[in-house]
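Protein chains: 2
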Amino acid sequence: MENGVSNISRQAMQRLPYYLQFLKQLESSGEKVVSSPLIAEKFGLKEIQVRKDLAIVSSVSGKPRIGFEISRLIDDMENVLGYNEKNETVLIGVGSLGTALLSYKGFYYYGLNIVAAFDSDPDKVGKTVGGKPVLAISELSDYCRTHQIHIGIITVPAEHAQQVADLLIKGSIQAIWNFAPTYLSTPSSILVQNESMAASLAILSQHLKEKQH
Amino acid sequence: MENGVSNISRQAMQRLPYYLQFLKQLESSGEKVVSSPLIAEKFGLKEIQVRKDLAIVSSVSGKPRIGFEISRLIDDMENVLGYNEKNETVLIGVGSLGTALLSYKGFYYYGLNIVAAFDSDPDKVGKTVGGKPVLAISELSDYCRTHQIHIGIITVPAEHAQQVADLLIKGSIQAIWNFAPTYLSTPSSILVQNESMAASLAILSQHLKEKQH
DNA sequence: TAGATTGTTAATCGATTAACAATC
DNA sequence: TAGATTGTTAATCGATTAACAATC
């Protein structure tokens, strides 16, 4: 309740990474302060919305007529976004998408560290992908429990996703990042963040239909 | 305005793919009808929400005490979701993520057909990935215009994403599916659907923080 | 002082939920 | 008829936006 910026809406939370990237850009070009109108202009948002977002995130009040000190705001945002935590995760499913995620170096900055991968294919087990060891699925639950893993990334085909989720839950995981195009049924205490391409495509398709009216 | 199910909210639109998958599952196990309470139970949603969603999508009224005919509801949903269109798209950036998407066979069912890939690396140009030809970036705008492409998928590194977006716009694209972790500045007529991993991670991280309070 | 930007308080808007009559 | 599920109309809720005084 105290340190908790927990009264921040999900929508606002999703805007912050964009702000942050812009702030770092400004900082590296030598700027010292930033104002809500400037950020709003950059992203095509309303000033008042950005003002509210910054007010929630910033640890100090902005200065009327000036704005916010960029370096401090960056710190505050990285904190709120959890980029300073080190969340250790596992990834299950070393197919083409899994391999892509394992090879992506950017996660580390976001506070996400994939420490091991799992696959059911014996040919893959024992190998290394993106510098991460590939282990057998049978070890998944134990591994999570022993290494105190809190996040699992699922990149297996849809038909196996639920089984994998069950194993993760058995391993006392707290959140799942689900790239499989299917719904996962889980206890309500577990957060499932669906990276649903089907949902994204639905939005795209809707837009195109409207255009050709 | 006539055929337009355009008064369907973005949130509802994103729930539909999950419903649809469930409907197909029910159908293949021999069921003929489905009710809102059943779907609601499956996904942990409120009955009334599902009822509203189905009312918007279905071309016929549901039958009190019975529900909806599954086969017809599937047709209606596939229509609303645009799975019956054939949207031809291009993908730019044949790195590990781009390769994963090019290799994914599932898009075709969603009405998305990637007809060509583009990359700036001369070693990749001329090759084939996932059965799709890789062409030079310099041909991108012309290609889009000539082949009447309406969607571009961006999987290049963040620092090149804006240039690529500009080329797509020059090629008269109407929507962009952006996997690069950066904001794209575009005319307001262009829809940009961001597959922002940073935003997803923000949600995950927020949840974990709340848990360990 | 003048003016740009801030924080606060109130209004609007859209999505979700509740209540309930209609119906097979 | 009884009861489950529907569609409709109204209430609630949360996020966005507007209005405006405070301030450097």
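Chains as they are written, first to last, in this note's numbering: chain A, 1 to 213; chain B, 1001 to 1213.
Where is the CB? At the ideal position from N, CA and C, for every residue including glycine.
Quick caveat, the model's predicted, so the values are computed rather than measured.
- Item | Interface partners of K1209/B on chain A, CB under 7 angstroms | G82
- Selection from K132/A, I173/A and G126/A that minimises the alpha carbon distance to A100/A: The option with the nearest alpha carbon to A100/A is K132/A.
- Message: Once DSSP output is grouped into helix, strand and coil, what is the label at K132/A?
- Response: strand
- Item | Contacts around V129/A, its chain only, beta-carbon distance under 7 angstroms, and the 5 residues preceding and following it disregarded | V94, T99, L102 and A117
- Message: Since A199/A and T186/A should fall inside the 8 angstroms C-beta cutoff, what is the C-beta to C-beta distance between them, to a whole number of angstroms?
- Response: Incorrect: roughly 18 angstroms between the Cβ atoms, too far for contact.
- Among S172/A, A158/A, I154/A and K105/A, the one whose alpha carbon lies nearest that of Q148/A: S172/A
- Would you mind reading off the limits of the beta strand (DSSP E) that contains A1158/B? DSSP places A1158/B outside any beta strand (DSSP E); the residue lies instead in the alpha helix (DSSP H), whose first and last residues are A1158 to K1170.
- Secondary structure at I56/A, three-state DSSP: helix, strand or coil? The answer is helix: DSSP assigns I56/A an H, G or I state.
- Item | CB of W1177/B within 8 angstroms of CB of I1151/B, strictly | yes
- Provide the residue span of the alpha helix (DSSP H) that contains D75/A, from first to last. Looking at the DSSP string, the run of the alpha helix (DSSP H) that includes D75/A is I70 to V80.
- Task: May I have the straight-line CA-CA distance separating G1004/B from K1086/B, to the nearest angstrom?
- Result: Model confidence at G1004/B stands at a pLDDT of 47, short of 50, so the residue's coordinates are unreliable; what they give is reported in the following sentence. Approximately 18 angstroms, taken between the alpha carbons.
- Item | Chain-ordered neighbours of L201/A on chain B, where CB pairs are closer than 7 angstroms | Y1110 and L1112
- Task: For F118/A, decide whether its Cβ has a neighbour in chain B, counting only Cβ atoms nearer than 8 angstroms.
- Result: no
- Item | Continuous alpha helix (DSSP H) stretch holding L102/A: start and end | S96 to S103
- Alpha carbon of E195/A to alpha carbon of L81/A, nearest angstrom: Whole-angstrom Cα-Cα distance: 18 angstroms.
- Message: Along the chain, where does the beta strand (DSSP E) containing L112/A start, and where does it finish?
- Response: Boundaries of the beta strand (DSSP E) around L112/A: L112 to D119.
- Item | L208/A, enclosing alpha helix (DSSP H) - first and last residue | M197 to K211 is the span of the alpha helix (DSSP H), which, as asked, contains L208/A.
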